[in-house]
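Trainee:
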Amino acid sequence: MENQSAQPRARRKHRSLAQELVAELSQQIRDGVIKRGDKLPTESAIMQAQGVSRTVVREAISRLQASGLVETRHGIGTFVLDTPSTTGLRIDPATIGTLRDLLAILELRISLEVESAGLAAQRRSPEQLAAMRAFLDQLNQSAAHSSDAVASDFQFHLQIAEATGNRYFTDIMSHLGTTLIPRSRVNSARLAHDDQQHYQARLGREHEQIYEAIARQDPESARAAMRLHLTNSRERLRQAHEEAEASKVG
1 MENQSAQPRA
11 RRKHRSLAQE
21 LVAELSQQIR
31 DGVIKRGDKL
41 PTESAIMQAQ
51 GVSRTVVREA
61 ISRLQASGLV
71 ETRHGIGTFV
81 LDTPSTTGLR
91 IDPATIGTLR
101 DLLAILELRI
111 SLEVESAGLA
121 AQRRSPEQLA
131 AMRAFLDQLN
141 QSAAHSSDAV
151 ASDFQFHLQI
161 AEATGNRYFT
171 DIMSHLGTTL
181 IPRSRVNSAR
191 LAHDDQQHYQ
201 ARLGREHEQI
211 YEAIARQDPE
221 SARAAMRLHL
231 TNSRERLRQA
241 HEEAEASKVG
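Sequential numbering of the sequence shown, starting at 1, is according to full-length UniProt numbering.
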């Protein structure tokens with residue numbers, strides 16, 4: 001009976017160590033320590049460097065293969081793929097062309113970022129809060145719809161994702177990138193100057209409400225503020241599109 005109970009514990013330990021090794025190798029690939037196209041170190045070299053068994057190394061490499069980061073060429077070795085496998089999350093900016101597409105992306109952001117804001121309020125560090133403040137200040141100093149404003153806007157949202165402590169929030173937000181933030185795709189020249197000023201003021205208030213809720217570590221208020229902000233963004237996008245279409249007809 002002792003041997004039977006020990007086996008599941010051993011398997012759980014192997015899975016945990018394999019996951020840690022996957023995270024370590026993935027980080028080395030992202031950081032360029034192991035470059036795309038490079039051959040991974042041998043199983044023996046990884047075992048020695050990481051202090052793990054051959055079973056753990058093989059399970060970790062199997063997981064990296066499943067995620068599309070590496071491929072094993074029999075008799076040669078395991079290589080980092082030049083481009084990640086297309087089986088993972090892929091949203092090509094070139095395919096985001098219609099209002100329906102942009103609104104769909106905003107729906108995705110709402111589902112993702114509302115919870116991100118709540119977790120950030122619970123987990124953020126003083127340094128992360130200071131970074132949010134810095135990006136908000138940069139945003140407030142930038143001209144409306146300039147490239148600097150779009151970048152600062154995105155970095156503010158990305159910093160919130162970072163503050164969750166969950167790298168998957170950050171990974172998805174990084175993948176979306178500034179090219180998929182609908183605000184950067186709206187042609188502000190078609191909006192009246194007064195409307196643009198009103199837009200910027202309202203946007204600023206919404207960002208401040210999100211920041212203040214995270215600063216006081218109030219997760220429910222942070223979720224509510226983020227939901228309001230992105231829901232309003234969705235409506236502003238729809239309105240800008242309608243005004244642009246009306247100007248074509250006129």
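Each residue gets a CB set at the ideal place from its N, CA and C atoms; glycine is no exception.
Can you find the residues in the same chain that come closer than 7 Å, C-beta to C-beta, to T164, ignoring five residues on each side of it along the sequence?
Mentor: Excluding sequence neighbours, T164 sits near S116, L119, A120, R123.
Trainee: Find the nearest neighbour of V22 within the set S62, A215, R54, K35, judged by alpha-carbon distance.
Mentor: For the residues S62, A215, R54, K35, the minimum Cα distance to V22 belongs to S62.
Trainee: With respect to the beta strand (DSSP E) encompassing R100, which residues constitute its N-terminal and C-terminal limits?
Mentor: Taken as a continuous stretch (DSSP letters only), R100 belongs to no beta strand (DSSP E), being part of the alpha helix (DSSP H) at 99-123.
Trainee: With H, G and I counted as helix, E and B as strand and the rest as coil, what does DSSP make of G77?
Mentor: G77 falls in the strand class under three-state DSSP.
Trainee: Three or more beta-carbon pairs under 8 Å between the stretch 47-56 and the stretch 31-39, yes or no?
Mentor: These segments do not touch.
Trainee: Are the stretch 129-145 and the stretch 200-209 in contact at 8 Å, needing three or more beta carbon pairs?
Mentor: The stretch 129-145 is in contact with the stretch 200-209.
Trainee: May I have the straight-line CA-CA distance separating S233 from M226, to the nearest angstrom?
Mentor: Roughly 10 Å between the two C-alpha positions.
Trainee: How many whole angstroms separate the CB atoms of V57 and I46, which I take to be in contact at a CB cut-off of 8 Å?
Mentor: Their Cβ separation, rounded to whole angstroms, is 5 Å, which keeps V57 and I46 in contact under 8 Å.
Trainee: If the criterion is Cβ atoms closer than 8 Å, does the pair L129 and A215 meet it?
Mentor: Their beta carbons are under 8 Å apart, which means L129 touches A215 by this criterion.
Trainee: Can you tell me where the alpha helix (DSSP H) holding I34 begins and where it ends?
Mentor: Premise fails: I34 is in no alpha helix (DSSP H) and is neither H nor E.
Trainee: Sorted by chain position, which residues of the same chain lie with C-beta nearer than 6 Å to V114's C-beta, five sequence neighbours on each side aside?
Mentor: R223, M226, R227, listed in sequence order.
Trainee: Round the Cβ separation of L69 and S16 to the nearest angstrom and send it over; I've been treating them as touching at under 8 Å.
Mentor: That belief does not hold up - the Cβ atoms of L69 and S16 are roughly 20 Å apart, past 8 Å.
Trainee: Specify, as a first and last residue, the run of the alpha helix (DSSP H) that D171 falls within.
Mentor: Here the alpha helix (DSSP H) through D171 covers 167-176.
Trainee: In whole angstroms, give me the CA-to-CA distance for F79 and A49.
Mentor: When rounded, the distance between both Cα atoms is 18 Å.
Trainee: Over what stretch of residues does the alpha helix (DSSP H) that includes R133 continue unbroken?
Mentor: That run of the alpha helix (DSSP H) goes 126-141.
Trainee: For R100, which residues of its own chain have a beta-carbon under 8 Å away from its beta-carbon, when the five flanking residues on both sides are left out?
Mentor: Same-chain partners within the cutoff: there are none.
Trainee: Classify Y168: buried if its beta carbon has 16 or more other beta carbons within 10 angstroms, exposed otherwise.
Mentor: By the neighbour-count rule (16 or more Cβ atoms within 10 Å), Y168 is not buried but exposed.
Trainee: Expressed to the nearest angstrom, what Euclidean distance is found between the alpha-carbon atoms of D82 and I29?
Mentor: Using only the alpha carbons, I get a separation of about 11 Å.
Trainee: Please list, in chain order, all residues of the same chain as H157 whose beta carbon is under 7 Å from its beta carbon, the five residues on each side excluded.
Mentor: E113, M173, listed in sequence order.
Trainee: Checking 8 Å against the spacing of the C-beta atoms, do L230 and I105 come in under that value?
Mentor: In this structure, I105 does not lie closer than 8 Å to L230 by Cβ.
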